[in-house]
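Residue numbers (the working numbering): 179 to 377.
Written out as structure tokens, the structure reads:
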């Protein structure tokens, strides 16, 4: 059974079954394994490293926070070449991050863009508390998204939703989404449980 699952994971991550729903399913199943401490650590072998040395085809792009506790390859139990990860404090998207996201979709074939916020985000907390002297550029991207939020968790989720909404309006992603080749969604990671909640 374990062998069949590993083979299935390998097929999916190599783009053979690379639709947005399948990509999301792969992430959520990996997160279930992580939460349940039943990790498979797929695609971390010598063969995998050699296979992707000349090309990559990540099935999903994760736009996540730089927080050291929220490593996408670990919390989704994925391996080399599976995820294209863009990480920045507050999981915000400016021009540089957008270039990376669009590259992964247009040229690498990622079928899912997942914006991942997380519990107790330092950047969001700093903006909520007005202590943004050291993260001004990040704060400028967060502030409009969290107006009216009453709690940090509410603000984190509002920020994720705003980033997703912004990405869906970009010309490249909008085109792929309209053809149902790509989906862009938001999620929230619970530091205590390890669970990823789709927003």
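Every residue, glycine too, gets a C-beta built ideally from N, C-alpha and C.
Quick one: what's got a C-beta closer than 8 Å to residue i's C-beta in the same chain, skipping five residues either side?
i: residue 244; result: 265, 266 and 267
i: residue 182; result: Model confidence at residue 182 stands at a pLDDT of 48, short of 50, so the residue's coordinates are unreliable and nothing is read from them.
Please return the same chain residues whose Cβ sits closer than 6 Å to the Cβ of residue i, not counting the five positions on each side in sequence.
i: residue 213; result: 372 and 373
i: residue 271; result: 341
How many Å lie between residue i and residue j at the Cα?
i: residue 252; j: residue 215; result: 11 Å
i: residue 365; j: residue 335; result: 8 Å
i: residue 247; j: residue 369; result: 7 Å
i: residue 317; j: residue 310; result: 6 Å
Run the CB neighbour count on residue i, radius 10 Å, all protein chains shown included, and call it buried at 16 or more, exposed below.
i: residue 376; result: exposed
i: residue 255; result: buried
i: residue 338; result: buried
i: residue 196; result: buried
i: residue 282; result: buried
i: residue 322; result: exposed
I'd like the list of long-range same chain contacts for residue i, defined as Cβ closer than 7 Å, with 5 residues on each side in sequence excluded.
i: residue 313; result: 267, 301 and 304
i: residue 199; result: none
i: residue 320; result: 268, 270, 301, 302, 305 and 337
Sequence ranges, beta strand (DSSP E) only - wholly within the segment 185-252, length at least 3: Secondary structure within the segment 185-252: the beta strand (DSSP E) runs of 3 or more consecutive residues, fully enclosed, are 238-242 (chain order).
Cβ pair count under 8 Å reaching 3, the segment 286-300 against the segment 227-243: yes
Every unbroken alpha helix (DSSP H) within the segment 270-304, with a cutoff of 4 residues, ordered by chain: 273-284
Cβ contact check for the segment 276-286 and the segment 343-363: 3 or more pairs under 8 Å: yes
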